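Numbering (our numbering), first residue to last: 79 to 384.
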């Protein structure tokens, strides 16, 4: 017995301006096509999630891979997680600076290491030992993000408050994907360049198990985007899939999770959820969230779905 595959992805939840919508929809469409093509060929959910996330890491539109936000010292530092719902095998990397596709390094950790998580130069060394090429950090830096960093630091020097986790909805463009394959297995992946002007070494929710990403065939697969610190404090990914395990639909659990994020800590963000029966949930409390869904019934792509 085979299952109809499903792929659901997001490209960040934030106050996306009108002139950024087309690029986000195009990027989501490309990533959706890359991942779903593998599912139709019988590939695993893990394969599809890796491919979809890697496509967004390669797209400068998103805060992942090339085009990521810059740290306070003007560098790109990235985090990623990939989780297999069939057996709970997981691979995570954080604070990597010389990998074009952190999600592919996460896949190597999942497949080839008895460990779950590597950081910094240790993660880069592990990836290189298993065939991934390293790049120069400046290959990941683009002028748009340099200009954005200069503006943020100018505001900081002028004494303006840092609203990264208190008011601003301008810069949260983390990417993620959840998939159900023909064998009935779930997977989830999330990748990010973090937050603008972040302190070097800061790690957010995206690559932490149960926070920005989680997958279990017995419950659901989830990926989040938004204010990382509140999401981490609530272990919000696991909170959401536990609601599905308790009988909530993925849609109800997604909306409950975003309500909980705001009511408990005043947080903003977005979430995608996929159950083992193929039902989906999407929710966000930001003005827009880039998303895409591909099922046997067709393709849906947009920047809002509330």
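From the three backbone atoms N, C-alpha and C, an ideal C-beta is built for every residue, glycine too. Bear in mind that the values here come from a model prediction, so they are computed numbers and not experimental data.
Between residue 189 and the set 169, 174, 204, the nearest pair of CA atoms involves 169. Relative to the Cα of residue 199, the nearest Cα in the group 279, 143, 136 belongs to 279.
Three or more pairs of CB atoms, one per stretch, sit closer than 8 Å, so the segment 113-133 contacts the segment 258-267.
At least 8 Å separates the beta-carbon of residue 295 from that of residue 120. Non-local beta-carbon contacts of residue 106 in its own chain, meaning distances under 7 Å to residues more than five positions away in sequence, involve 87, 89, 368, 369, 370, 379 in chain order. The residue from 180, 204, 181, 182 with its alpha-carbon nearest to that of residue 191 is 204.
Distance from the Cα of residue 118 is smallest, within the candidate group 81, 289, 228, 138, for 81. Rounded to whole angstroms, the gap between the alpha carbons of residue 138 and residue 311 is 29 Å. Residue state for residue 287 is assigned as strand, using DSSP reduced to three classes.
Rounded to whole angstroms, the Cβ separation of residue 171 and residue 154 is 13 Å, and the two are not in contact under 8 Å. The beta-bridge partner set that DSSP reports for residue 301 consists of 291, 350. In the DSSP assignment, residue 136 falls outside any alpha helix (DSSP H) and carries neither an H nor an E. Within the same chain, Cβ atoms closer than 6 Å to the Cβ of residue 358 are found at 86, 328, 352, the five residues on either side in sequence being excluded. Under the three-state reduction of DSSP output, residue 215 falls in the helix class.
CA-to-CA, the gap between residue 232 and residue 150 works out to about 12 Å.
Residues of the same chain with a CB within less than 8 Å of the CB of residue 176, apart from the 5 flanking positions on each side, are 202, 212, 213, 214, 215 in chain order. DSSP places residue 313 outside both helix and strand once states are collapsed to three, so it counts as coil.
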